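Number 527 in this note's numbering belongs to position 285 of the sequence shown; there are no gaps in the numbering.
For every residue, glycine included, the Cβ atom is placed at its ideal position computed from N, Cα and C.
For clarity, every value in this text was computed on a predicted model and none was experimentally measured.
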Amino acid sequence: MGKKLRYQRGTGISKVDFKQEEHDISRNRDIIHYKDVVYQCGKCGTCRTVFQDVNWARICPSGEFGKFEPYYLGGKNLLTWAITSGKIKWTNNLARIFYHCSVCLACTQQCQIPEIHAYAGEWLIAMREEAVKLGYGPMPEHVKYTESIFNQDNPYMEKRSERLAWLPSDLDLTSDSKLAYFVGCTSSYREQNIAIATVELLNYLNEDFQILNNESCCGSPVFMTGQIDKAREIAEINIRKFKDAGIEKIITSCAGCYRTLKEVYPKKLDLKHGIEIVHLPEFLLEKIKTGELKLTNKLDMKLTYHDPCHIGRHMGMYQQPRELIQSVPGVELVEMPRNRHNAWCCGSGGGVRSAFKEMSQFAARERIEEAKNTTADAIISCCPFCLNQFKTNINSKEIKALDISELIKKAL
Ligand code: SF4
Ligand code: SF4
């Protein structure tokens with residue numbers, strides 16, 4: 243199971259100090275592998291609330307929506323143990339419980355049992371993989387978007403030929419630069435403002451970069467719903483495209499794409515591509531530190547930052563987006579009570595938004611209310627999926643939602 247985890251209590255920041263790079267987080271373990279690990283779950287319910295902080299605020303969108311033990315991690319652990327021990331059999335309802343989860347990992351952060359803290363995210367996916375193998379998963383909506391990915395390179399049922407419709411007409415796509423901007427499906431079709439702002443920022447910085455004219459979905463929605471073989475197929479095709487184009491470094495503006503290219507391909511699917519993957523906030527922050535990017539436009543805004551699960555808990559990137567936001571003149575950054583590893587999920591990931599709209603909206607509304615309570619002018623994120631989720635669920639003018647790329651563009 244990898245190195246022993248450091249086990250900390252009461253630091254006020256992270257109780258079980260999980261540093262991803264120090265642990266073996268590779269998967270490819272059959273669900274049976276986790277049988278004895280899930281048995282360690284004491285059904286204490288600690289994973290329902292923020293451990294020790296924020297007045298033990300609730301943390302699990304699935305459990306708070308389902309209001310029934312199987313929807314919380316403790317219940318899912320018991321079901322996993324019962325399945326792996328042959329005590330119960332798969333049913334459609336059992337599969338639906340496991341898909342009623344955004345795999346946000348907020349529960350794992352609260353659990354004080356090191357193996358559960360570090361690995362529960364693995365068996366939450368492994369159970370989905372098992373459901374797929376046995377024909378109980380994925381959900382019909384996931385089947386539909388997966389077909390769209392294979393037919394049109396995106397999960398939105400949009401035409402492949404319109405993927406680059408947002409591109410400014412004067413952008414030269416003929417570069418054979420080793421640096422690529424991987425736009426991703428949501429920025430290509432739903433939040434094109436992010437794609438445009440990112441390209442404008444890269445142009446402003448005089449970066450020589452390319453955008454693949456045959457770019458396709460990274461495969462995150464397929465992997466996260468347990469369709470591992472299909473996710474591997476997508477990953478192999480993408481890696482081939484990157485290699486054919488001579489790409490050595492990729493900038494992403496989507497949290498899901500970032501995590502998929504950087505962690506899922508090499509560590510979960512064992513496809514080591516050797517390409518450097520950088521998320522836009524870390525790229526821009528570095529440019530500010532070297533003096534290449536100067537933000538001079540004072541914005542006078544009070545902002546709150548929402549940690550996307552795929553950047554935060556999945557990848558441990560909490561600080562860089564905050565530093566970048568704070569480098570904008572005139573900006574005041576105010577934190578929501580549940581932040582960083584304790585952030586409440588926006589409810590769009592893990593296939594929840596497509597298959598379980600009610601749960602997805604429930605999670606989004608709770609986060610929007612939390613953001614409004616900070617009295618911020620806008621909620622900032624660095625994931626088009628989170629942004630689209632907020633914009634869809636914000637009522638009229640209660641609070642704005644912006645991507646970090648749009649914010650930095652405004653500050654030039
Ligand atoms: S997963 Fe951890 S926190 Fe949750 S019930 Fe089990 S032991 Fe308790
Ligand atoms: S991963 Fe998120 S939604 Fe799923 S059980 Fe844990 S806290 Fe709840």
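With respect to L443, L526 sits close: the two C-beta atoms are nearer than 8 Å. Taking C427 as reference, the option from N435, G589, I358 with the minimal CA-CA separation is N435. Nearest Cα to Y507 within the set I479, E565, S344, R300: I479.
In terms of Cα proximity to V594, the closest of L406, R432, E449, M466 is M466. Remark: the C-beta of T546 is outside contact range of ligand 1, defined as less than 7 Å to any heavy atom. Taking the Cα positions, Q568 is about 49 Å away from W332. Contiguous alpha helix (DSSP H) elements confined to the stretch 364-423 occur at 382-394, taking only those with 4 or more residues. A residue is called buried when at least 16 other Cβ atoms come within 10 angstroms of its Cβ; W298 does not meet this threshold and is exposed.
Inclusion of E490 and K420 in the CB contact set at 8 Å is warranted, their separation being smaller than that value. Not one heavy atom of ligand 2 lies closer than 7 Å to the C-beta of G498. Residues of the same chain with a CB within less than 6 Å of the CB of R405, apart from the 5 flanking positions on each side, are S430 in chain order. According to DSSP, Y547 shares a beta bridge with I622.
For I274, there is no enclosing beta strand (DSSP E), as DSSP marks it with neither H nor E.
Between ligand 1 and G316, a heavy atom-to-CB distance of less than 7 Å is present. For L575, the closest of S602, C289, K544, H548 by C-alpha to C-alpha distance is K544.
DSSP, reduced to helix, strand and coil, places I567 within a helical segment of the structure shown. DSSP links A643 through a beta bridge to I621. When DSSP states are grouped into helix, strand and coil, V594 belongs to the helix group. E389 and S458 have their C-alpha atoms spaced approximately 13 Å apart. Cβ contact annotation for H384 (same chain, cutoff 6 Å, sequence separation greater than five): T467, G593, in chain order.
R582 sits close to D549, with the two beta carbons spaced by under 8 Å.
Taking a cut-off of 8 Å for Cβ pairs, the stretch 508-523 and the stretch 555-573 touch, as three or more such pairs fall below it. Remark: the C-beta of Q603 is outside contact range of ligand 1, defined as less than 7 Å to any heavy atom. In this structure, DSSP gives T428 a helical state, which the three-state scheme calls helix. Proximity of the beta carbon of P550 to ligand 2 is not indicated: no heavy atom of the ligand is located closer than 7 Å.
DSSP assignment within the stretch 425-499 yields the following whole beta strand (DSSP E) runs of 3 residues or more, N-terminal first: 491-494. Setting aside the 5 residues that flank it on each side, A497 is surrounded in the same chain by P550, H552, I553, C625, each with a C-beta closer than 6 Å to its C-beta; the list follows chain order.
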